[in-house]
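For reference, the structure is listed below as structure tokens.
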Amino acid sequence: MSIKDIITVPNETLKKISEPIEKVGVNEKKLVKDLFETMYNSNGIGLAAVQVGILKRVIVIDVSTKEGEKKPISFINPVIKNISDETSTYEEGCLSIPDTFIEIERPKICEVDYIDLDGRKKNLRCNGLLSTCIQHEINHLDGKLIIDHLSKLKRDLIIKKISKIRRNPSRIIV
Ligand code: NI
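Numbering-wise (my numbering), the sequence shown opens with residue 5 and increments by one.
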């Protein structure tokens, strides 16, 4: 297992559409392990493969809130089947967009078809935080980010701010 570097905006890879997995094998299992390790290391609750630069339709999620109690779920080729009319709103952040939180309204309940790590077809009804999280991650697989919910002006400002921070040579993160 290894912790991968998470790519951030304005990296163009984040806008690309990820490819479906044809068969779940050793490489896919390793990718899922790496994604979990990378996600936990950054204190995230979800991560898509594209965020470590791999354009495959794989996401990992753990929305458990209790300390020391992990509930990891991995989704391969996830597809949203049904959504509720009722919505919920969260202030969403993203590991690929540092220090940015955007209020986003999404369907409160969604049903997701996916393949698990053993290659079996699964269906999961997601509610509340899990529903929002999986929709956020599936957006990543389609090259869509939370800043795409904003006007172009606001989006450009955020990207400019992040690029400036990263270019500043006197700022270091160790
Ligand atoms: Ni994200």
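Glycine included, each C-beta is placed from N, C-alpha and C at the ideal position.
### Query
Closer than 6 Å from C-beta to any heavy atom of the ligand NI: which residues, in chain order?
Qualifying residues, in the order they occur: 98, 99, 100, 140, 144.
### Task
Tell me whether residue 61 is buried or exposed, calling it buried when 16 or more other Cβ atoms sit within 10 Å of its Cβ.
Counting from 1 along the sequence shown, the entry for residue 61 is found at position 57. Only buried fits residue 61, as 16 or more other CB atoms lie within 10 angstroms of its CB.
### Query
Can you find at least 3 beta carbon pairs, one from the stretch 10 to 19 and one from the stretch 105 to 124, that sit closer than 8 Å?
With the cut-off at 8 Å, the stretch 10 to 19 and the stretch 105 to 124 do not touch.
### Query
Does the pairing of the stretch 53 to 70 with the stretch 123 to 141 give three or more beta-carbon distances under 8 Å?
Here the stretch 53 to 70 lies against the stretch 123 to 141, with 3 or more beta-carbon pairs under 8 Å apart.
### Query
Do you know offhand how far residue 140's Cα is from residue 174's?
Along the sequence shown, read from residue 1 onward, the residue named residue 140 stands at position 136. Along the sequence shown, read from residue 1 onward, the residue named residue 174 stands at position 170. The straight-line gap separating the alpha-carbon atoms of residue 140 and residue 174 is approximately 33 Å.
### Query
Measuring CA to CA, which of 152, 164, 130, 25 is closest to residue 97?
If you number the sequence shown from 1, residue 97 lands on position 93. Measuring from the Cα of residue 97, the nearest candidate turns out to be 152.
#### Entry: Identified DSSP bridge partners for residue 91
Translated into positions along the sequence shown, residue 91 becomes position 87. Bridge pairing for residue 91: 111 [DSSP].
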